[in-house]
Amino acid sequence: MAQELGRPFIDMDSRIEERRGQSIKEIFASCGQAAFRRWEKEEAARCGIEQGAVIATGGGVVLDAGNVQALKANGYLVFLDRLPKAIMDNSSITERPLLAAGQESLAQLALERRPLYLATADEVLPVAANFKDSLNPLLALAQGATCRGFAVIGDPIGHSLSPLLHRAVFKALNIDIPYNALRIPQGYLKEFIRGVRGGVLQGFTVTIPHKREILPFLDEVRGGAALCGAVNTVMRDKGRLIGYNTDMEGLLLALKRQGYSYAGQNVLILGAGGAAAGVAYKAGASGARVTVLARRAGQAAALSPNFGELNSENLSRESPKADILINATPLGMKDFGADFPDLSFLANLPAGALVCDLVYNPAATSLLKEAARLGLAVMNGMEMLIWQAILAEQIFVGLDKFDFAYEIMQKAISK
Ligand code: NAP
266 MAQELGRPFI DMDSRIEERR GQSIKEIFAS CGQAAFRRWE KEEAARCGIE
316 QGAVIATGGG VVLDAGNVQA LKANGYLVFL DRLPKAIMDN SSITERPLLA
366 AGQESLAQLA LERRPLYLAT ADEVLPVAAN FKDSLNPLLA LAQGATCRGF
416 AVIGDPIGHS LSPLLHRAVF KALNIDIPYN ALRIPQGYLK EFIRGVRGGV
466 LQGFTVTIPH KREILPFLDE VRGGAALCGA VNTVMRDKGR LIGYNTDMEG
516 LLLALKRQGY SYAGQNVLIL GAGGAAAGVA YKAGASGARV TVLARRAGQA
566 AALSPNFGEL NSENLSRESP KADILINATP LGMKDFGADF PDLSFLANLP
616 AGALVCDLVY NPAATSLLKE AARLGLAVMN GMEMLIWQAI LAEQIFVGLD
666 KFDFAYEIMQ KAISK
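If you count by the numbering used here, then the sequence shown holds residues 266 to 680, one letter each, in order.
Quick look at the structure:
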């Protein structure tokens, strides 16, 4: 957990052992439990004034109300709720003096302490068979609660260039605000937003897979975001979380700068997720005839009356009509682990067609490489990324120097 959050880790019992030069077992044997509890109290007071650390405590720490008060004054108390059998299966636990008698002593301790754990914890976290998965809700909550400034959230997030772009502009404008990348796995937006509401994060951008799922967690959704049902930018305004969509306008600006427009064009969109929703809405509203193919045809149907399943038969049938083909799936994206199984449909596109991949990492996906090999015009997601980021900064910090920000972001990427 400390590793994932990039925070220091403190094990209170290990600290006591280091200070006394004895193991907990030896302390109990030579000095008794009362002495241990005294030293534990001193350690709890020290830990209570630590900033930003993840602290593991011994189970007896809650027996003293003063310890609980010290740890909670500056922190968040979490009870990792594990079945007694799972605790006993952890071989090192029998090293603990109060558990030396095995199952019976554990049952006695559970009886005595469990009500205290439940009463004092800010959060009770059931521990599943896979301990790492059990930490996901807590990680999401902690990231929302402790992150400062601005951030991008998504999963996977390692590939995201958003921190690089936003930090470069903040630096150039002498804005001293951090911009972080937070991995929030699918299904943990609820915890993340709960953390954000109690924390100090000013705003964040939203990427795969949360653009649609985030809507019910916001207080208000504005403009195109409300119309297409996808949010990629969230700003805190007087304690309320407001959702926007800068993706749709970002792609339009990117296309325009390359000399393309949607008006009168046949636009074939692959995928029907958050990015596709914004793009399909904007293209349709700008006069394009939009067709959407997605692996779940029902999702595609929500974006356009012309829809179908994303399969080779439909791709081959729709490609000859397409002036602009837009990949709005993560196929081919770094760290995603899947790519288009077959690119033969590209040969059916008209000679003047543009193949646009919203994926920007890698810069040349297999889709774009094959399209370029066939002599088609290609565009990756980098220009869109820059423009949606500029529009997000307009919301975040009132940015109005668009060309200046564009140059800064371009430079940051090319380094
Ligand atoms: P999303 O909301 O998760 O939607 C992804 C879409 O792709 C869904 O329709 C999904 O289908 C489909 N999909 C996922 N895996 C697939 C597979 N193996 N085969 C076929 N279809 C698959 O994600 P998103 O936010 O729309 O992002 C989509 C891509 O666009 C990502 O690569 C993202 O990085 C990129 N993007 C780039 C920019 C930019 O500025 N350049 C902006 C936004 C997005 P299901 O619904 O069935 O899962």
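All residues carry an ideal CB built from backbone N, CA and C; glycine is no exception. In this text, all values refer to a predicted model and were calculated from it rather than measured experimentally.
Check	Outcome
Quick check: the Cα distance between Leu267 and Gln408, rounded to an integer number of angstroms?	The amino acid occupying residue 267 in the given sequence is Ala; Leu does not appear at that position. Cα-Cα distance, rounded: 11 Å.
Are Tyr527 and Leu492 touching if we call contact CB-CB under 8 Å?	no
Do you know offhand how far Ala490's Cα is from Ile479's?	11 Å
Straight-line CA distance for His475 to Pro391?	24 Å
Could you check the C-alpha separation between Ala616 and Gln564 for me, to the nearest Å?	30 Å
Assess, as a yes-or-no matter, whether the segment 533–542 is touched by the segment 577–593 under the definition of 3 or more beta carbon pairs within less than 8 Å.	yes
Going by beta carbon distance, what residues of the same chain come within less than 6 Å of Ala446, once the five residues before and after it are set aside?	Val417, Ile422, Ser425 and Pro428
Going by DSSP, what residues sit across from Leu535 in a beta bridge?	Leu558 and Asn592
The alpha helix (DSSP H) spanning Glu282 covers which residue range?	Met277 to Arg285
Please check the pair Gly515 and Met649, which I expect to be a contact at CB under 8 Å, by giving their CB distance rounded to whole angstroms.	5 Å
At a cut-off of 7 Å, would you count Gln564 as near ligand 1, judging by its Cβ distance to the nearest heavy atom?	yes
Looking only at C-alpha atoms, which of Val544, Gly539, Leu520 and Asp502 sits nearest to Met513?	Val544
What are the boundary residues of the alpha helix (DSSP H) that includes Cys296?	Ile289 to Cys296
Alpha carbon to alpha carbon, what distance is there between Ala410 and Phe469?	13 Å
Cutting at 7 Å between CB atoms, please list the residues of its own chain near Leu596, excluding the five before and the five after it.	Ala603, Asp604 and Phe605
Check Ile440 in the structure and name its three-state DSSP category.	coil
On the CB-based measure, 16 or more other CB atoms within 10 Å of its CB, does Val389 come out buried or exposed?	exposed
Answer yes or no: the CB of Gln675 versus the heavy atoms of ligand 2, is any distance below 7 Å?	For ligand 2, the structure offers nothing, since it holds only ligand 1.
Can we say the segment 317–334 touches the segment 286–306, given the rule of at least three CB pairs closer than 8 Å?	yes
Relative to the C-alpha of Glu377, which candidate in Cys621, Ala386, Gly324 and Ile352 has its C-alpha closest?	Gly324
Does the beta-carbon of Pro402 have 16 or more other beta-carbons within 10 angstroms, so that it is buried, or is it exposed?	buried
Once the 5 residues before and after Ser551 are set aside, which same chain residues still bring their CB inside 8 Å of it?	Leu517, Ser526, Tyr527 and Ala528
Quick one: does the C-beta of Thr594 sit closer than 7 Å to a heavy atom of ligand 1?	yes
Mind reading off the beta-carbon distance from Asn579 to Leu558? Whole number of angstroms is fine, and I expect it under 8 Å.	5 Å
Here's the rule: buried if 16 or more other CB atoms are within 10 angstroms of the residue's CB, otherwise exposed. What is Ala553?	buried
Suppose you measure from the CA of Leu623 to the CA of Gly340; what does that come to, to the nearest Å?	41 Å
What does the Cβ neighbour count give for Ala294, buried or exposed, with the cut at 16 atoms within 10 Å?	exposed
Excluding sequence positions up to five away, which residues of its chain have a Cβ less than 8 Å from the Cβ of Arg522?	Glu648
Is any non-hydrogen atom of ligand 1 found closer than 7 Å to the C-beta of Tyr625, if you look at the structure I gave you?	yes
From the DSSP secondary-structure annotation, give me the bridge partner or partners of Tyr509.	Thr498
Are at least three pairs of beta-carbons, each pair with one atom in the segment 658–670 and one in the segment 429–442, less than 8 Å apart?	yes
One question on the structure: do Ile507 and Gly419 come within less than 8 Å of each other, judged by their Cβ atoms?	no
Under the three-state reduction of DSSP, which class applies to Cys412: helix, strand or coil?	coil
By the three-class DSSP mapping on this structure, what secondary structure does Leu403 have?	helix
What first and last residue would you give for the beta strand (DSSP E) that runs through Phe344?	Val343 to Asp346
Look at the alpha carbon of Phe396 and the alpha carbon of Leu336, and state the distance between them as a whole number of angstroms.	24 Å
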